[in-house]
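**Student:** Order-wise, the sequence lines are chains A and B.
Count the first sequence with our numbering and you get residues 1 to 514, in order.
Count the second sequence with our numbering and you get residues 1001 to 1330, in order.
Where is the CB? At the ideal position from N, CA and C, for every residue including glycine.
Here you go, one structure.
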Amino acid sequence: MENSPDPAPSLLEVRGISKSFGAVRALQEVDFTLRAGEIHALLGENGAGKSTLIKVITGVFPRDAGIVRLGGEEVAPRSAKAALQAGIATVYQEVNLLPNLSVAQNLFLDRQPMRFGIVREGEMRRRAKALLTDFGLDIDVAAALGSYSVAIQHVTAIARAVDLSARVLILDEPTASLDRHEVEILFGIMRQLAKRGIGIVFVSHFLDQVYEISDRITVLRNGRLVGERETASLPRLELIRMMLGRELAETTSARASAGEHRAREVCASFENYGKAGYVAPFNLELRHGEVVGLAGLLGSGRTETARLVFGAERADGGQATVEGAPVRLQSPRDGVRHGFGYCPEERKTDGIVAELTVRENIVLALQAKRGLHRPLSRREQDEIASRYVRMLDIRPPDPERAVGLLSGGNQQKVLLARWLATSPRLLVLDEPTRGIDVGAHAEIIRLIRELCDDGLALLVISSELDEIVTYSDRVVVLRDRAHVEELAGEAIDVGNILAAIAADSVAVALEAHT
Amino acid sequence: MTALLPRRGLAQILALIVILAVDRIVSPQFFDLRLQDGRLFGSLIDVLNRGTPVALLSLGMVLVIATRGIDLSVGAVMAISGAIAASLADTHSLAVVLAAALGAGLICGLWNGFLVAVLGMQPIVATLILMVAGRGIAQLITEGRIVTFSSPDLVWLGNGAVLGVPMPVAIALGMLILTGAVVRGSALGLLIEATGGNARASELAGVGTRAMILAVYVWCGICAALAGVIAAADIMGADANNAGLWLELDAILAVVIGGTSLFGGRFSLVLAVLGALIIQTMNTGILLSGYPPEFNLLVKAVVVMTVLLLQSPKFSGIAGIAARLRRSKA
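Structure representation (C-alpha cells):
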C-alpha cells in the first residue's frame, strides 16, 4: 500500500451532486475527490448510491445538481462516450466489450488504423500486442475476446480505456468474478497505472481487497456522503460502522426480554438447514409474536437465508418444521401453503406485477393459495383490496390503479397487503424499507411491530442496523454466507452486531474504542 | 392513448365500423341478408363464416400471448387435425373423428407447453419446431394426397346451420363462451395475466406459473385442432400443404389488434375475436371491391404497423412530446 504524498493535486472533484428518481432521492449533495495517482475505494451497501454516483459522473444519468471538475475544469458529459472522450473511463463488472470480436478489434473498436478505407489488420494487431505487453499480457490478440478468461477480458477493457487517454479509471466491482491469482494480476496493473498518475476509483464489497489496494476510502450510505478517510488509519470496525450504522447510538431493543420469548410458541424451525455454495447449514427458530432480524454485509447470505426459509430455493440438507410438524419446502408454492409470505428485496422484478391493479396484486397470493377452482368473486376482491388499502393507508386509495404507477413505499405496502391477505403465520421481509421515502419508512417499521404484536412470526433483513435494533427480538448475524452469531434481548445493540460482522477485527476494534 | 379511449375496446369497435362502412361503399349489397334452406346468407354472414378459423385460433393464441408466449404452430396443427378428421370421416362416427382430431391438438399443445414451461425454451423457437414438423406429420397422414370425404356428419359441421346460423359460426361462438366461462369463471384469467405480467413475481407469490403456461398451450392446440376440423369440413377434404397455411400470423395479428400486448399480461378474449373479424372484414371487402387480392396483404401490413405503433411506448412517447411541443408553441 502506498500513501500518496499529501499535497497531491485533485484530479476529479465532485461537489454537491444530487439525483432523484421520482420521489426517491438517490444522491443528496455528495462530494467526492480523487487525486491523481491514487486508488480510491468507493464503498457502501446496496442502494447506497455508488452506481448512481458513477453513472452521474460519467453522464449516463443527468444530474439534478452539483458540479464535476476534471483537472480543474468543469465537465458535464452527456453520455458514457462523452465521458470517455473527456478522460473518464469506466469498466463494469460485466465487461462491455464484444466477445465475438478479436482482442485487437475490441481494443481498437471505433478507431481502427485505416488506410484507403480498409482496416489495417496487421498494424492493428501489432499495436494491440504492444499495448497489452505494457499490461503484462502476452496473448494471441487475433483470437476472439470471448475465448479468454474474465480476468483477461477485464484487463483488455482496462487497456482499451487507458489507451483512450483516460485520466480517471472507474472499476465497478472488477474482482467479483476473479480468482485470487487473477486479482493479484489486476492489482498489479492498478498499482502500475496509479504510478503513471491515473486516478482509479475502485468499487468493491470485498473489504480485504479494499484494505490491500486502496489509498483512501469514501463511504456512501442512503445516497449521502458518510465520510472520506485514509485507508491506513481507518479500522475495519469503524469502516463497517460507516457503511451500516448512522451513529453508534446505544439503542438497545425495547422489545421483550430474553425470558419472555422462551414462552412463545415456535412457529417454524430450521435445523442444520442449508445449501452447498449458497448458505452454510444453520439453525433458526422463528416464534409467534417475535421479530428476528438478519444482519450482515451485502453478500453475507441474508437474502439466501430468506429464500431458503420461504422455499424459493431448495435446501440440500437439514430439516424444516412448521408448528412442530416436519415439512418439505421445495417451491414458493410450498411456502405459501404452509402459511409463509415473502416480500423480496427487488420489488419491481420479483414483487409487483406492475401492469395489474392494486386489487389484483393484493389478491394474487391468496388466490394462488386457494387454487383455480375457488376464485375470489369480484366483490370479495374489492372487499379485501379496500380493507388493506385503508389499513395500510395505501396512496392513492384507488384499488383499480395499476401498481406500477405507485411510489416505492406504496408498492411495498401492496406487497405486504398481498401476504397479509393470506393470513400468514410467518412473513419474511427482505429490505422492506429500501428505496422508500422517509415517511413511508417509519410507517413500514410501525407496521412490522404491529404485525408482530398480532402474533405473526417475522424474519426481517435490513442493512439499517438502527432499524434492526429497533424492532428485533433476536438478531442473527451473518458473515461469508454463514450464520455466525445470534443476539437476544439486552445483547442487541449496534455495537455488538458490528463486532460480530467484523469478528476478525474485534481486538482491533476494542483498541480503537478505548 | 388511454385518454382517447374511455373504455377498452372502443378503438376496435370503431375500426370495425369504419371498415364495414368502407365495405358498404365498395359493395352496396354488403348488409343484405336472406334466409335460404334454413340458413342465412349474405356478405356479413360470409365474413363471420370465413372468419371462424382465425377467430378460433385467436381464442387460444390470446391466452398464449398473455403469458408472454407465442404459438407459431397453430397453422400446422390445423393441418394435422384436418388430415386426421378427413382420413377417419368416412369410416368412423363423428364422435370418434372429433375425439381423434382434438386429441391430436391436445398432444401438440402439450408438446409445445412442455418445451416452453418445462424445458424453458423460448416460445418462438419452441413452437417453430412444430410449425415445421407439423405440416410434415400432416402430409404423412394424408400420404401426400388431398384426402376427400363425404361423411354427411362432418360435412354438416362445415356447412350446416342451427337456427339459421352457420355451424362454424355457432361453434366459434360456443368456444368463445366456453373459454370465457373457464378463464373468467375461475381464477385462471387473473393468474395467466399475472404470469405474463411478471412471471418471477407470480412464482414467488405462489402461482403455479409452469402449470399456467402448459395449460394455455394445450388450450391453444385444442382450438387450432377444432379450427382444422372446421376448415376440412368446409371443403370436404384435407390438403396438408395448404390447410391453415400462414393462419398463425393472422391469429397473432387478431390478438394484437384486440389490444393484447406481445409482452404479455392483460388480455381480452372478446377483443381478440373482434380482431379476427376485423381482419376478415378487410379480406372480404377487398375481394368484393374487385381489387386483386394482393392488395389484401398490403392493407394488412398497414393495419399491423398502425396497431404496433400505437402500442409502442416509444411512439406514444414521441407522439406525447410532439403534442406538448404543439401546445407550447400555440
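1. Would you call A:M114 buried or exposed, if buried means 16 or more other Cβ atoms sit within 10 Å of its Cβ?
2. Measuring alpha carbon to alpha carbon, tell me which of B:T1127, B:T1142, B:D1046 ends up nearest B:N1159.
3. So with CB distances below 8 Å, who are the chain B contacts of A:I352?
4. Ends of the alpha helix (DSSP H) at A:R302?
5. Chain A partners of B:R1266, CB-CB under 7 Å?
6. May I ask which residues mark the beginning and end of the beta strand (DSSP E) holding A:A325?
7. Taking A:K275 as part of the beta strand (DSSP E), name the residues at either end of that continuous run.
8. Give the C-beta separation of A:L107 and A:A128 to the nearest angstrom, bearing in mind that I take them to be a contact with Cβ-Cβ under 8 Å.
9. Tell me the DSSP secondary structure of B:N1283 in three-state form.
10. List the whole-angstrom C-beta distance separating A:P399 from A:V336, where the pair is believed to meet the contact cut-off of C-beta under 8 Å.
11. So, using beta-carbon positions, are A:V201 and A:L11 closer together than 8 Å?
12. Counting only C-beta atoms, is B:G1237 closer than 8 Å to chain A at any point?
13. Looking only at its chain, what residues have a beta carbon closer than 8 Å to the beta carbon of B:S1268, apart from the 5 residues adjacent to it on each side?
14. A:L465 and A:L244: beta carbons closer than 8 Å?
15. Are the C-beta atoms of B:E1193 and some chain A residue less than 8 Å apart?
16. Among residues of its own chain, excluding the 5 on either side of A:N410, which ones have a beta-carbon nearer than 8 Å to its beta-carbon?
17. Whose C-beta lies closer than 6 Å to the C-beta of B:A1101 among residues of the same chain, with five residues either side of it excluded?
18. Measuring CA to CA, which of A:C343, A:S149, A:R78, A:V68 is closest to A:R429?
19. Opposite A:I118 in the DSSP bridges: which residues?
20. When the Cα atoms are used, what is the spatial distance from A:R347 to A:A354?
21. Counting Cβ pairs, one atom from each stretch, are 3 or more of them under 8 Å apart for the stretch 1015 to 1028 of chain B and the stretch 1267 to 1282 of chain B?
22. For a test of the three-state rule: what should DSSP assign to A:E360, helix, strand or coil?
23. If I follow the unbroken beta strand (DSSP E) through A:S18, where does it start and stop?
24. Enumerate in chain order the residues of its own chain whose CB-to-CB distance from A:I139 is below 8 Å, with the five nearest sequence positions on each side excluded.
25. One question on the structure: do B:G1164 and B:L1020 come within less than 8 Å of each other, judged by their Cβ atoms?
26. Tell me whether B:W1246 is buried or exposed, calling it buried when 16 or more other Cβ atoms sit within 10 Å of its Cβ.
27. For the stretch 315 to 345 of chain A, list every residue whose C-beta sits within 7 Å of some C-beta in chain B, in sequence order.
28. What residues in the stretch 62 to 89 of chain A bring their beta carbon closer than 9 Å to a beta carbon of chain B?
29. In the structure shown, what three-state DSSP assignment does A:Y471 receive?
30. Counting only C-beta atoms, is A:Q412 closer than 8 Å to chain C at any point?
31. Between the stretch 265 to 282 of chain A and the stretch 313 to 321 of chain A, do at least 3 Cβ pairs fall closer than 8 Å?
32. Output yes if chain B places a C-beta closer than 8 Å to the C-beta of A:E360; else output no.
33. Please tell me whether A:R425 and A:L456 are closer than 8 Å, where the distance is taken between their beta carbons.
34. Report the partner residues of A:T90 according to the DSSP bridge assignment.
35. Check whether the Cβ atoms of A:G299 and A:G37 lie closer than 8 Å to each other.
36. At 3 residues or longer, what runs of the beta strand (DSSP E) sit wholly inside the stretch 1014 to 1093 of chain B?
**Tutor:** This is what the structure gives:
1. exposed
2. The residue with the shortest Cα to Cα distance from B:N1159 is B:D1046.
3. N1198, A1201
4. 302 to 310
5. Within chain A, the residues placing a beta-carbon under 7 Å from that of B:R1266 are E355, ordered along the chain.
6. 325 to 327
7. 266 to 275
8. With 8 Å as the limit, A:L107 and A:A128 qualify as a contact, their Cβ atoms being about 5 Å apart.
9. helix
10. With 8 Å as the limit, A:P399 and A:V336 do not qualify as a contact, their Cβ atoms being about 22 Å apart.
11. no
12. no
13. Excluding positions up to five away in sequence, the list reads R1008, G1009, V1062, G1258, G1259, T1260.
14. For A:L465 and A:L244, yes; Cβs fall inside 8 Å.
15. yes
16. Answer for A:N410: I394, R395, A440, listed in chain order.
17. S1081, I1084, A1085, A1225, V1229
18. This sequence places Leu at residue 429 of chain A; Arg is not what is there. When only C-alpha atoms are compared, the closest one is A:C343.
19. A:R115
20. 10 Å
21. yes
22. helix
23. 10 to 21 is the span of the beta strand (DSSP E), which, as asked, contains A:S18.
24. V103, L132, Y148, I152
25. no
26. exposed
27. Only P332, R333, V336, Y342, P344 from the stretch 315 to 345 of chain A bring a Cβ to less than 7 Å from some Cβ of chain B.
28. Taking 9 Å as the Cβ-Cβ cut-off against chain B, none of the residues of the stretch 62 to 89 of chain A qualify.
29. DSSP, read as helix, strand or coil, puts A:Y471 in helix.
30. Given the protein chain composition of this structure (A and B), no chain C is represented.
31. Result yes; three or more Cβ-Cβ pairs closer than 8 Å.
32. yes
33. yes
34. A:I170
35. no
36. 1034 to 1036, 1039 to 1041
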